[in-house]
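Novice:
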Amino acid sequence: MNRTVTVPTGYVRNLLHQARAQGFDIDELLHAVGIDPQEIESQTEFSAERFGALYQRIMYIAQDEYFGMLSGGKVPNGTFRMMCHAIIHCKTLERAIYRASAFHEICRGAEIKPVLVRKGRYAKITFAATDNAEFDFDAFLANEPPERIRTSLSMWHHFISWLLGTRIDLKAAYFTFAQPADLEVYHKLFQSELRFEQHENAFVFPARYLDQPLVQTEESLRNFLKTAPFQLIAMVNDDPSLKSQVVALIGKDFSRELPSAEEVAKALNLSVSTLRRRLLEEDTSYQAIKDECRRAAALHYMSSPQLSINDVAELMGFDEPSAFFRSFKRWTGMTPGEYRRSDAYQQHLMHN
Numbered sequence: 001m002n003r004t005v006t007v008p009t010g011y012v013r014n015l016l017h018q019a020r021a022q023g024f025d026i027d028e029l030l031h032a033v034g035i036d037p038q039e040i041e042s043q044t045e046f047s048a049e050r051f052g053a054l055y056q057r058i059m060y061i062a063q064d065e066y067f068g069m070l071s072g073g074k075v076p077n078g079t080f081r082m083m084c085h086a087i088i089h090c091k092t093l094e095r096a097i098y099r100a101s102a103f104h105e106i107c108r109g110a111e112i113k114p115v116l117v118r119k120g121r122y123a124k125i126t127f128a129a130t131d132n133a134e135f136d137f138d139a140f141l142a143n144e145p146p147e148r149i150r151t152s153l154s155m156w157h158h159f160i161s162w163l164l165g166t167r168i169d170l171k172a173a174y175f176t177f178a179q180p181a182d183l184e185v186y187h188k189l190f191q192s193e194l195r196f197e198q199h200e201n202a203f204v205f206p207a208r209y210l211d212q213p214l215v216q217t218e219e220s221l222r223n224f225l226k227t228a229p230f231q232l233i234a235m236v237n238d239d240p241s242l243k244s245q246v247v248a249l250i251g252k253d254f255s256r257e258l259p260s261a262e263e264v265a266k267a268l269n270l271s272v273s274t275l276r277r278r279l280l281e282e283d284t285s286y287q288a289i290k291d292e293c294r295r296a297a298a299l300h301y302m303s304s305p306q307l308s309i310n311d312v313a314e315l316m317g318f319d320e321p322s323a324f325f326r327s328f329k330r331w332t333g334m335t336p337g338e339y340r341r342s343d344a345y346q347q348h349l350m351h352n
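Just so we're aligned: 132 in full-length UniProt numbering is position 132 of the sequence shown, and the numbers increase by one with no gaps anywhere.
(1) Short check: CB of PHE254 to CB of ARG294, under 8 Å?
(2) Indicate the three-state DSSP secondary structure (helix, strand or coil) for ALA323 in the structure shown.
(3) By a C-beta neighbour count over all protein chains shown, 10 Å radius and 16 as the cutoff for buried, is ASP64 buried or exposed?
(4) Could you check if THR79 is buried or exposed, using at least 16 other CB atoms within 10 Å of its CB as the buried criterion?
(5) If we ignore side chains and look at the alpha-carbon of each, how far apart do ASP27 and ARG13 end up?
(6) Is the beta carbon of THR130 less than 8 Å from the beta carbon of VAL115?
(7) Have a look at ASP291 and LEU258 and give me their C-alpha separation to the nearest angstrom.
(8) In or out: ARG3 buried (at least 16 other Cβ within 10 Å) or exposed?
(9) State the start and end residues of the unbroken alpha helix (DSSP H) segment that holds VAL7.
(10) Got a sec? Which residues, its chain only, sit under 7 Å from GLU144 by beta carbon, not counting five neighbours each side?
(11) How many angstroms separate the CA atom of HIS187 from the CA atom of ARG222?
(12) Report the rounded CA-to-CA distance for GLN212 versus ALA344, giving the unit in angstroms.
(13) Answer with buried or exposed for ARG167, where buried requires no fewer than 16 other C-beta atoms within 10 angstroms of its C-beta.
(14) So, is HIS157 buried or exposed, given that buried needs 16 or more other C-beta atoms within 10 angstroms?
(15) Where does ALA139 fall in DSSP's three states?
(16) Output the boundary residues of the beta strand (DSSP E) element that contains ILE88.
(17) On a CA-only basis, which of TYR209, MET155, GLU49, VAL246 is nearest LEU93? Give me that one, please.
(18) Within 10 angstroms of its Cβ, does MET83 collect 16 or more other Cβ (buried), or is it exposed?
(19) On the criterion of 16 or more Cβ atoms from any shown chain inside 10 Å, does GLU111 qualify as buried, or is it exposed?
(20) Counting pairs of Cβ atoms below 8 Å between the region 296-310 and the region 332-339, do you hit three or more?
(21) Between which two residues does the alpha helix (DSSP H) carrying SER47 extend?
(22) Give the straight-line distance between the Cα atoms of PRO305 and ALA323, rounded to the nearest whole angstrom.
(23) Grab the span of the beta strand (DSSP E) containing LEU116 for me, first residue to last.
(24) If you draw a straight line from the alpha carbon of GLY317 to that of VAL215, how long is it in whole angstroms?
(25) First and last residue of the alpha helix (DSSP H) that includes LYS171?
(26) Starting from PHE205, trace the beta strand (DSSP E) in both directions and tell me its first and last residue.
(27) How do the region 193-201 and the region 166-183 stand: do at least 3 beta-carbon pairs fall below 8 Å, yes or no?
(28) Are the Cβ atoms of ILE289 and VAL7 separated by less than 8 Å?
(29) Could you please give me the residues that DSSP links to ALA129 through a beta bridge?
(30) Give me the residue from ALA261, ALA296, MET302, ARG95 with the minimum Cα distance to SER342.
(31) Would you call HIS104 buried or exposed, if buried means 16 or more other Cβ atoms sit within 10 Å of its Cβ?
(32) How long is the line joining the alpha carbons of THR151 and PHE159, rounded to whole angstroms?
(33) I'd like the span of the alpha helix (DSSP H) that includes ARG276, first residue to last.
(34) Could you check if LEU15 is buried or exposed, using at least 16 other CB atoms within 10 Å of its CB as the buried criterion?
So this is what it looks like as structure tokens:
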């Protein structure tokens, strides 16, 4: 986890303000996660990892996974995990968002759901009451603090970006409330055009992202859930390069045939020649990226002691272990056996 990622200290103060309003002991909360109150007063930036730990603690004691977000009710712990498992195998981001919205219709506690609207070249995610909600949504929204609306939009943006493995560039973010005093926080979060006093709260992005496949797997989801909401607070993968988009499209499943350069170019709305030219400008190529991804995946699997070398070969899509042996040595300079006897492998075991 990147320990240098920070959030404005105002995030911490706002979260604690909401916790105090619900009757929680703030000193006890901070002590439980090892945060000195003086740190909050003396710093303008705060560790996103430590903020995530504080957020986790509050969600746990409040028994509300949507604490600080638009929900309309208390969402039982474990709900977010089940939603993630319900969408992780969707073929495209569009299907995942639709399924997430449908999930909110049947889960206990939530009376607010995300809504996807696709129109032409752009799409947007906004919020609406669930079908069974028994309140006036507009009146509810008018009483919600701006920080809660901002957090909700930001976390959904970060979540769908995580599903694709790359930051989704936004065209604009809309808010129903007046322009706030801490405008710079909104610029940092959304990095797009900002509009206030609008008829809805939403973020708008190019619709092409909706057709991209999810790159996350059940394994990466397990790691994500262990640290949530860290990656929903801070955009950990904030690389805008074309290479990062190609890596996301290649994904992490090497047991299947990898997409061709033509398929990747089509998914990115580029010609193959433009894809190659732009990757060359970034001092790389599609073949080089594929090799890097394969090497990273092979090392990842080889660092799991419960997997035999033959298991790894199969996960990497090799019919013959001998072919995997040759490829692994080409990628790393070592055979699989040599790697598992190396200092690097032993150090990995010590730290995990």
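Glycine included, every Cβ here is placed at the ideal spot set by N, Cα and C. Only a predicted model underlies this, so the values are computations on that prediction, with no experimental measurement involved.
Specialist: So, from the listed chains and residues:
(1) Numbered from its first residue, the sequence shown carries residue 254 at position 254. Numbered from its first residue, the sequence shown carries residue 294 at position 294. Yes, these two residues count as a Cβ contact at 8 Å.
(2) The count along the sequence shown starts at 1 and reaches residue 323 at position 323. DSSP places ALA323 in helix when its eight states are reduced to three.
(3) Within the sequence shown, numbered from 1, the residue matching residue 64 stands at position 64. When all chains shown are included, ASP64 counts as buried.
(4) For the purposes of this step, residue 79 is taken as the residue at position 79 of the sequence shown. THR79 comes out buried.
(5) Against the sequence shown, residue 27 aligns to sequence position 27. Against the sequence shown, residue 13 aligns to sequence position 13. Rounded to the nearest angstrom, the two C-alpha atoms are 13 Å apart.
(6) One-based indexing of the sequence shown puts residue 130 at position 130. One-based indexing of the sequence shown puts residue 115 at position 115. Against a cut-off of 8 Å, the Cβ pair of VAL115 and THR130 comes out as no contact.
(7) Along the sequence shown, read from residue 1 onward, the residue named residue 291 stands at position 291. Along the sequence shown, read from residue 1 onward, the residue named residue 258 stands at position 258. One C-alpha to the other measures close to 11 Å.
(8) By one-based count along the sequence shown, residue 3 stands at place 3. Unreliable positioning characterises ARG3 in this predicted model, as indicated by a pLDDT of 41, which lies under 50. The coordinate reading is nonetheless provided below. The residue is exposed, with fewer than 16 neighbouring Cβ atoms inside 10 Å.
(9) Within the sequence shown, the letter at position 7 stands for residue 7. For VAL7, there is no enclosing alpha helix (DSSP H); the enclosing beta strand (DSSP E) has its first and last residue at 6-8.
(10) For the purposes of this step, residue 144 is identified with residue 144 of the sequence shown, where counting begins at 1. Once the five neighbours on either side are set aside, the close Cβ partners of GLU144 are LEU70.
(11) Taking the sequence shown and counting its residues from 1, the one referred to as residue 187 is at position 187. Taking the sequence shown and counting its residues from 1, the one referred to as residue 222 is at position 222. So the two alpha carbons sit approximately 31 Å from each other.
(12) As a first step, residue 212 must be located in the sequence shown, where it is residue number 212. As a first step, residue 344 must be located in the sequence shown, where it is residue number 344. Their backbone Cα atoms lie some 35 Å apart in a straight line.
(13) Stepping through the sequence shown from its first residue, residue 167 is reached at position 167. The residue is buried, with at least 16 neighbouring Cβ atoms inside 10 Å.
(14) The residue you call residue 157 lines up with position 157 of the sequence shown. In summary, HIS157 is buried, with 16 or more beta-carbon neighbours lying within 10 Å of its beta-carbon over all protein chains present.
(15) Residue numbering aside, residue 139 sits at position 139 when the sequence shown is read from its first letter. Helix, per DSSP.
(16) For the purposes of this step, residue 88 is taken as the residue at position 88 of the sequence shown. Run containing ILE88: none; DSSP gives neither H nor E here.
(17) For the purposes of this step, residue 93 is taken as residue 93 along the sequence shown, with counting starting at 1. Residue TYR209 holds the alpha-carbon nearest to the alpha-carbon of LEU93 among TYR209, MET155, GLU49, VAL246.
(18) For the purposes of this step, residue 83 is taken as residue 83 along the sequence shown, with counting starting at 1. Counting the other CB atoms within 10 Å of its CB gives MET83 a total of 16 or more, which places it among the buried residues.
(19) Residue 111 sits at position 111 when you count from the first residue of the sequence shown. When all chains shown are included, GLU111 counts as buried.
(20) Contact between the region 296-310 and the region 332-339 is present, with at least three C-beta pairs closer than 8 Å.
(21) Looking up residue 47 in the sequence shown gives position 47. Note, SER47: premise wrong, no alpha helix (DSSP H); beta strand (DSSP E) at 45-47.
(22) On the sequence shown, residue 305 is found 305 positions in, with the first residue counted as 1. On the sequence shown, residue 323 is found 323 positions in, with the first residue counted as 1. Each residue's alpha carbon lies about 21 Å from the other.
(23) Taking the sequence shown and counting its residues from 1, one reaches residue 116 at position 116. LEU116 -> beta strand (DSSP E) spans 112-119.
(24) Here residue 317 refers to the residue found at position 317 when the sequence shown is read from its first residue. Here residue 215 refers to the residue found at position 215 when the sequence shown is read from its first residue. Computed Cα separation, rounded: 17 Å.
(25) Here residue 171 corresponds to residue number 171 of the sequence shown, with the count starting at 1. Looking at the DSSP string, LYS171 is not in any alpha helix (DSSP H), and its letter there is neither H nor E.
(26) Within the sequence shown, residue 205 is the residue found at index 205, counting from 1. Segment 202-206, the beta strand (DSSP E) holding PHE205.
(27) Segments in contact, yes.
(28) For this step, residue 289 is matched to residue 289 along the sequence shown. For this step, residue 7 is matched to residue 7 along the sequence shown. Result no, Cβ atoms of ILE289 and VAL7 do not sit closer than 8 Å.
(29) In the sequence shown, the residue the question calls residue 129 occupies position 129. Partner(s): ILE112.
(30) In the sequence shown, residue 342 corresponds to position 342, counting from 1. It is MET302.
(31) If you number the sequence shown from 1, residue 104 lands on position 104. HIS104 is buried by the Cβ-count criterion.
(32) Position 151 of the sequence shown, counting from 1, holds the residue named residue 151. Position 159 of the sequence shown, counting from 1, holds the residue named residue 159. Taking the straight line from one Cα to the other gives about 12 Å.
(33) Along the sequence shown, one-based indexing puts residue 276 at 276. It spans 272-281 - the alpha helix (DSSP H) in which ARG276 sits, taken as one unbroken run.
(34) Within the sequence shown, residue 15 is the residue found at index 15, counting from 1. Looking at its Cβ environment, which holds 16 or more other Cβ atoms inside 10 Å, LEU15 is buried.
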